[in-house]
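Structure follows, in structure tokens:
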């Protein structure tokens with residue numbers, strides 16, 4: 009997906025609850041949603057915590073989105089396989105694919121394959137920085 013207008017795209021699709029681990033690639037996206045008084049925004053300390061919060065919002069009738077860096081995707085293996093999939097809950101994931109710095113590269117390299125292995129496709133992948141990084 010192209011980064012311009014990403015927040016407005018998700019708002020237009022009815023997402024009203026955003027939770028995730030802050031990412032500099034998504035700084036503009038996060039800034040827009042924080043500035044919108046109609047939105048609920050909760051920063052999380054870990055990706056699995058973000059999914060748990062999003063599931064609570066989903067069960068309360070909200071339409072949540074979880075955002076994260078690809079480096080945090082590994083933290084979602086258990087929540088996807090033991091919470092989302094068994095209970096038929098689909099939470100949209102907005103994942104920034106980071107190649108740099110070097111410690112991010114391996115997860116960047118396998119992120120798509122990991123999502124395929126998990127058979128989880130309610131995902132938007134963003135490869136380029138959204139804040140001029």
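In this note's numbering, the protein residues as written are 9 to 141. Where a beta carbon is used, it is the ideal one built from N, C-alpha and C, also for glycine.
Could you give the first and the last residue of the continuous alpha helix (DSSP H) run that contains residue 63? 55-67
Are the CB atoms of residue 70 and residue 29 within a distance shorter than 8 Å? no
Using only the alpha-carbon positions, how far apart do residue 131 and residue 122 sit? Linking residue 131 to residue 122 through their CA atoms gives a straight-line distance of about 12 Å.
Please classify residue 125: is it buried, with 16 or more other beta-carbons within 10 angstroms of its beta-carbon, or exposed? exposed
Quick one: Cα of residue 80 to Cα of residue 59, how far? 12 Å
Given a cut-off of 8 Å, decide if residue 97 and residue 128 are closer than it, judged by their beta-carbon atoms. no
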